[in-house]
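Numbering (our numbering), first residue to last: 268 to 584.
Heads up, the beta-carbon is just placed ideally off N, CA and C, and yes, glycines get one too.
A quick note: this is a predicted structure, and the numbers were derived from the prediction, not measured.
Okay, so here's the structure we're looking at.
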């Protein structure tokens, strides 16, 4: 398919004006994924990184040390990270991108399509240029979003406001209550707002970092999205576990008990709560608004799960 790329006249911070520092020409899909990568780190509060595959962040993390943040972002889904796009919200250092092993033999290199950040040190750019085809993009990912969400479809134009508000409330609706850290819930809501519906994310605190531990995206059935997210969590926790084999199951359940599961829209039935509880989840965040909210809340109370309503869904199509 051939493609064209246009700039809106007078648009501030247009993605069209990104600075291509290195690599081969961008494709239609590259530009869409670059946009998704930028959106996923734009509002994060500290040093942040995302790994994007097919417009969805399959890895997302924020913390204080950029190299460690990249490592934990990659760990969110190291297989899907192959051929991905990586975005940072701060200047990239050489020590960070050395994680990609571009100076090693081919079997040790991590293949990515694009790295985008506000800027790169000279040493980082020189290192990234070791891969002749890797696109290196400088763009102010922290610039405020402008405009509208616009879709052209068969001779028609559909326009809506950008999704900028995370929640209208933070309300615990169950008898069980935990001190779900505001920054972790906010991080999870920012993640879910950038993932295609139906979407489920599981987020956790790891040291001084906030990490997307698992996600399920783009599923017609919300229960399937939950299964995908929880299975990915189990896989990632298995990969990081260093203890005796007989302790693995208890470790996974213990770690999942420290996480928060977030849904981009309401649960129509209690089945998602039952599944989450089977895995050891103790805190769920969702917008609420289903005619069966009471049944879902009752199931949480029965199982001792905390549920928090936010009042705002984040459908992304």
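- prompt: By Cβ distance, which residues of its chain are closer than 8 angstroms to residue 504, with the 5 residues on each side in sequence left out?
  reply: In the chain shown, counting from the first residue as 1, residue 504 sits at position 237. Result list for residue 504: 480, 518, 519, 522 and 523, in chain order.
task: Report all residues from its chain with a CB closer than 8 angstroms to the CB of residue 573; omit the five preceding and five following residues, and keep chain order.
output: Here residue 573 refers to the residue found at position 306 when the chain shown is read from its first residue. Hits under 8 angstroms: 439, 441, 443, 444, 445, 447, 549, 550, 551 and 567.
message: Among the candidates 318, 427, 539 and 546, whose CA atom is the shortest distance from the CA of residue 564?
response: On the chain shown, position 297 is the one that residue 564 refers to. Residue 539 is the option with its Cα nearest to residue 564.
message: By DSSP's criteria, residue 559 is part of a beta bridge. Which residues make up the other side?
response: Stepping through the chain shown from its first residue, residue 559 is reached at position 292. Note: residue 559 sits in no beta bridge, so no partner.
Helix, strand or coil at residue 483 [DSSP, three-state]: Within the chain shown, numbered from 1, the residue matching residue 483 stands at position 216. Three-state result, residue 483: strand.
task: Indicate whether the contact test is met: 3 or more Cβ pairs, each with one atom in the segment 468 to 482 and one in the segment 317 to 332, closer than 8 angstroms.
output: Yes, the segment 468 to 482 touches the segment 317 to 332.
query: Residues in its own chain within less than 6 angstroms of residue 458 by CB, not counting five upstream and five downstream?
result: As a first step, residue 458 is located in the chain shown; it is residue number 191 there, counting from the start. If you ignore the 5 residues before and after residue 458, its C-beta comes within less than 6 angstroms of the C-beta of 327, 468 and 479, all in its own chain and listed in chain order.
field: Proximity below 7 angstroms, CB of residue 385 to CB of residue 408
entry: Taking the chain shown and counting its residues from 1, one reaches residue 385 at position 118. Taking the chain shown and counting its residues from 1, one reaches residue 408 at position 141. Result yes, Cβ atoms of residue 385 and residue 408 sit closer than 7 angstroms.
message: Per DSSP, what are the beta-bridge partners of residue 355 in this structure?
response: Translated into the one-based positions of the chain shown, residue 355 becomes position 88. DSSP output for residue 355 lists 316 as bridge partner(s).
message: So, with DSSP's three-state summary, where would you put residue 512?
response: Your numbering for residue 512 matches position 245 in the chain shown. Residue 512: helix per DSSP, three-state reduction.
First and last residue of the uninterrupted alpha helix (DSSP H) at residue 309: Against the chain shown, residue 309 aligns to sequence position 42. First-last of the alpha helix (DSSP H) with residue 309: 295 to 309.
message: Rounded to the nearest angstrom, what separates residue 411 and residue 509 at their Cα positions?
response: What you label residue 411 is simply residue 144 of the chain shown in a count that begins at 1. What you label residue 509 is simply residue 242 of the chain shown in a count that begins at 1. Straight-line Cα distance between these residues: approximately 42 angstroms.
field: Beta-carbon proximity of residue 427 to residue 416, cut-off 7 angstroms
entry: Residue 427 sits at position 160 when you count from the first residue of the chain shown. Residue 416 sits at position 149 when you count from the first residue of the chain shown. Residue 427 is a Cβ neighbour of residue 416, given a cutoff of 7 angstroms.
field: CA-to-CA distance, residue 489 to residue 583, given in whole angstroms
entry: As a working note, residue 583 is residue 316 in the chain shown. As a working note, residue 489 is residue 222 in the chain shown. Roughly 14 angstroms between the two C-alpha positions.
message: Taking the straight line between their C-alpha atoms, what separation do you get for residue 342 and residue 280?
response: Reading the chain shown from its first residue, position 75 is the one you call residue 342. Reading the chain shown from its first residue, position 13 is the one you call residue 280. The straight-line gap from Cα to Cα measures roughly 31 angstroms.
query: Measuring CA to CA, which of 515, 345, 535 and 339 is closest to residue 557?
result: As a position in the chain shown, residue 557 is number 290, starting the count at 1. The option with the nearest alpha carbon to residue 557 is 535.
task: Look at residue 306 and residue 461 and say whether their C-beta atoms are less than 7 angstroms apart.
output: Taking the chain shown and counting its residues from 1, the one referred to as residue 306 is at position 39. Taking the chain shown and counting its residues from 1, the one referred to as residue 461 is at position 194. In contact: residue 306 and residue 461 (Cβ atoms closer than 7 angstroms).
message: Restricting to runs no shorter than 3 residues, where is the beta strand (DSSP E) found entirely within the segment 321 to 374?
response: As far as the segment 321 to 374 is concerned, its whole beta strand (DSSP E) runs of at least 3 residues are 323 to 330 and 351 to 355.
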